Structure formats: structure tokens, C-alpha cells
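Trainee:
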Amino acid sequence: MKKFSFLTLLLVIGLVAAGCSNDTSGGAEGEVGGEITVWAHPFTGDAEKEEEMWDKISTSFQEEYDAEVNIEIIPWANRDQKILTALAANNGPDVFYAIPDQMPQYADVGMLLELDPYLEGYDMDDFVDSALVSTTWKDKLYGLPILQSVDTLFYNKSVIEAIGEDPENLPETWKEFEAWAVKAKEQGFYATSFQGGGSMNNTLYPYIWQAGGDIVSADNEVLINGEGGVEAFSFINKMYKNGWIPEDSVTAMEQNALWEDGQMLAILGSGNTLANLQNKGKIDFVIGPPLKNKKQAAYGTTGMFVVPSNTDNPATAAEFVKTLTNAENQRTFNKVTQYIPARESSKDIFDEQPFLSQLASYTQYTLPGVINPKGRDIMPMIQAQLQAMLEGDVTPQEAADAAAEAIEGAVSQ
């Protein structure tokens, strides 16, 4: 494997590691064959089923290309440091799993192999458009998506009936949800959850997107204090001041107890929420569409597989990523993991599962967070201003302006 420089590694993780060479010799001209190592993570609690899944995928590839694929499952904890340290020591994988906030950090310093030269004749049209947003940096493709998720509102049908509304006619807009929130408050319920101590992906960002705004662009244009951003800050502030969201929303990490006790109209959730609700069977629920103000939008992650630019076997690594993310293997992978396939044609695995099928239909509205190398760094800066607003220390406009100033400082470094 080619060596990554110490200086570049320092840029990526700010410790004694990050970064790399932009050299991708071997390119799309190399022959497919030889040996590659793939790093993945545990996606379920069933190691045996996952092992069978990986055996099926890797065996079919090995038989077709006479190549050896070694699948290694590494823990989620400290995965960034493990990957970067291994690559710096030239003993890292040839393929590894990445998420949207990792990809631009790695791609921006040349750590990832550009996949476009390897995709001639490959079916890209079947991928969900929103999934490819997460795998693209500066108009180049650095990964292929294997899974998606959607965060949307799960409603308690008993609470809907208690406020005199129809579970077959759920809110689609802020205005409609606000009318339900008023009724919920009058009947002693919270309208929804808001974990102000958690990720901005699940709190502020979706409201900004729904208001037609954004946070910061790939070319570092700061947008959070535009009209859409201020409108989002203001709507959240209104929900808190009116008691539509719980008192601990400033710093809460989760509010499941209130939901499970029947004190909440709706909770923001994803596929994991669905699995928990179905397993426990305590709450009769319905799933609502992502809300819309000026735009219908929701947060949803995308899982992808990428190839480091210092692999010794780029052609085989790229071919394996293509094979792994084809329609059939997306079915195999997501039947086991119960995530949403990133290919439209593979969503048929949920034809007999109406709730998952419904969630899968919403991936067209999802955004993966901030696709920028500083995406992780700016979250606590924005969170601090959001919390200050909810505590009454600043106005929504002041919070948005202060967040913008902090982002400007971060992306200019």
C-alpha cells in the first residue's frame, strides 16, 4: 500500500494521524483478482446471520473473479481512529464502511479513491438520488451507498383520538402540525420530542431544510442565518415556549419515557423506533410523512462503502464495492440488517412489511446532514446557540447569527 504522510493524518484527526497521498496509480486499468480486505461493522445483534450474509456476498464475488475477499468486522467504537491509524501504518483495509460526515473529511485530503473511472457501464440510475448526495464530494463519487434511513414522526393513535383528530389524515405541514400541537397541549400532552443535547441532524437541521434553508455549503458558504435558518430557530423556540415539547428539551438526550407513558403525541424516530414499537406492542401507532414548510425534508443517514486511495488493489476493491451494492446484494444485506436499500428496485424486500415500505418511500426527501469536512466540528457550536435561545438568553435571530459566526471561523481554518 502507498504511504500516507504524517502531516495529512494530522490534518484529519488532529492527533498524530490523518490524511494521505492523492496518488491512485493502478487506476481503472488494473486487473480484477488477488486479495482484498473489507472492514465492516456489526449491523444487528445476530452475528451468525451477518456472517452468513457476508459469506454469501463474498463467495459469489470470489467465484466470479477468482479473487479472495477477507471480511473483518470491527467495532463501531473509535472506528475513525482505528481506520486512520491502520491506513497510516499501511496495514488498513482495501474497502471500508463510511457514513456521510466521514466521507468529505477523507475525500478532501485525498484519502479516498475516486470511483468514477471504474463505473463505465455500471447501473447508477437505480440508486436513490438522495443516497448519492452522501457519496459525492466536489462532483466526484467516492463511495457507493448500501443503506439509508429516514427520521420521521411516529404518532400515538390514542393521543390522536384524545385530541379529536383523524389518524388517517396526519399533518403534512408545519401549520397543520401546529394546530395539532395546540390541541395536544390543551389535553395535557406534549406534541413531540426534541433532544437538544443530541445531534443537530435530529433536532435543528430538519427544520432548517423544511424552511428552505441550509447550514453551510460544500464550498464553505455559511447559510444558517438566512431566512430559512432563522425561521427554523423561531419555530423551535415557539414550540418550547408554548410547552409543545418537554421542559428538558434544552439538554435532553432522549425522551422515550414520556412517549412510552402515553404523554406525547408524536416522537421523531426511524427504523429502530419501528422495531422497538413492534417488539413491545404497547402503543398503537401510525407513521406520518416528513413535515413541510417551504420544502418537504427529513434527516436520513446513508451507509456507503469506500476504497482508500492507498490500496494495492484498486481495481478489485472498486469491483467489490460495485458488486456489494448491486440490486441483488442490496436485498441480501438489507433483509438481514432491516435498513432501507439505497436502490429503488431493491425496496421490494419490504413489499410485505407496510411500515418499512412506507419509510422506504420517504428516502426521496432525506438529507444526510452537513456534507463538509467541518460537519462534525460545527455541531457543538450550533448546539450551544440553540440551547442559549431555548434558555432565553438570545433571540432566534441572535442565535442564528452567532452560529453563523462560529461556522465562519471553523471553515476558514
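Heads up, the sequence shown is in our numbering, so the first residue is 33 and it goes up one at a time. Beta carbons are placed, not taken as given, at the ideal position from N, Cα and C, and that holds for glycine. Since this is a predicted model, take the numbers as computed values, not measurements.
Would you mind reading off the limits of the beta strand (DSSP E) that contains M413?
Mentor: Looking at the DSSP string, M413 is not in any beta strand (DSSP E); the run it does join, the alpha helix (DSSP H), is 407 to 422.
Trainee: Is DSSP giving G91 helix, strand or coil here?
Mentor: The sequence as given places Thr at residue 91; Gly does not occur at that position. If DSSP states are grouped into helix, strand and coil, T91 belongs with the helices.
Trainee: Determine, using beta-carbon pairs with one atom in the region 167 to 180 and one in the region 287 to 303, whether at least three such pairs fall under 8 Å.
Mentor: No, they do not touch.
Trainee: By Cβ distance, which residues of its chain are closer than 7 Å to P132, with the 5 residues on each side in sequence left out?
Mentor: Within the same chain, P132 has close Cβ partners S166, T333, T334, P400, G401, I403.
Trainee: Under the three-state reduction of DSSP, which class applies to W71: helix, strand or coil?
Mentor: It is a strand residue.
Trainee: Assuming F352 is part of the alpha helix (DSSP H), what are its boundary residues?
Mentor: Its alpha helix (DSSP H) spans residues 346 to 356.
Trainee: Please specify which runs of the alpha helix (DSSP H), each continuous and at least 4 residues long, are wholly inside the region 232 to 262, giving them in chain order.
Mentor: List check, alpha helix (DSSP H) in window: 236 to 242.
Trainee: Return the first residue and the last residue of the alpha helix (DSSP H) that Y129 is part of.
Mentor: Element bounds for Y129: not the alpha helix (DSSP H) but the beta strand (DSSP E), 127 to 130.
Trainee: Would the region 279 to 294 count as touching the region 147 to 167 if we require 3 or more Cβ pairs under 8 Å?
Mentor: Segments in contact, no.
Trainee: Please name the residue or residues paired with E104 in a DSSP beta bridge.
Mentor: E104 is bridged to W71.
Trainee: Report the option in Q219, V182, A121 whose CA atom is closest to the CA atom of S389.
Mentor: Residue V182 is the option with its Cα nearest to S389.
Trainee: If you drop the 5 nearest sequence neighbours on each side, which residues of the same chain put their C-beta closer than 6 Å to that of E208?
Mentor: If we look at E208 and ignore the five residues flanking it on each side, it has no Cβ neighbours.
Trainee: D155 and V70 look like a contact to me (Cβ under 8 Å); what is the Cβ gap, rounded to whole Å?
Mentor: D155 to V70, Cβ: 21 Å. No contact.
Trainee: Quick one: is D383 buried, meaning 16 or more other Cβ sit within 10 Å of its Cβ, or exposed?
Mentor: It is exposed - the Cβ of D383 has fewer than 16 other Cβ atoms within 10 Å.
Trainee: Considering Y138, what are the terminal residues of the alpha helix (DSSP H) in which it resides?
Mentor: Y138 -> alpha helix (DSSP H) spans 135 to 140.
Trainee: Which word fits V254, buried or exposed, when buried means at least 16 other C-beta atoms lie within 10 angstroms of its C-beta?
Mentor: Flag for V254 reads buried.
Trainee: Restricting to Cα atoms, I'd like to know which of G66, F75, V64, E63 is closest to Y371.
Mentor: Checking every option, the nearest Cα to that of Y371 belongs to F75.
Trainee: Among Q429, V64, K81, S92, which has the Cα closest to the Cα of A264?
Mentor: It is Q429.
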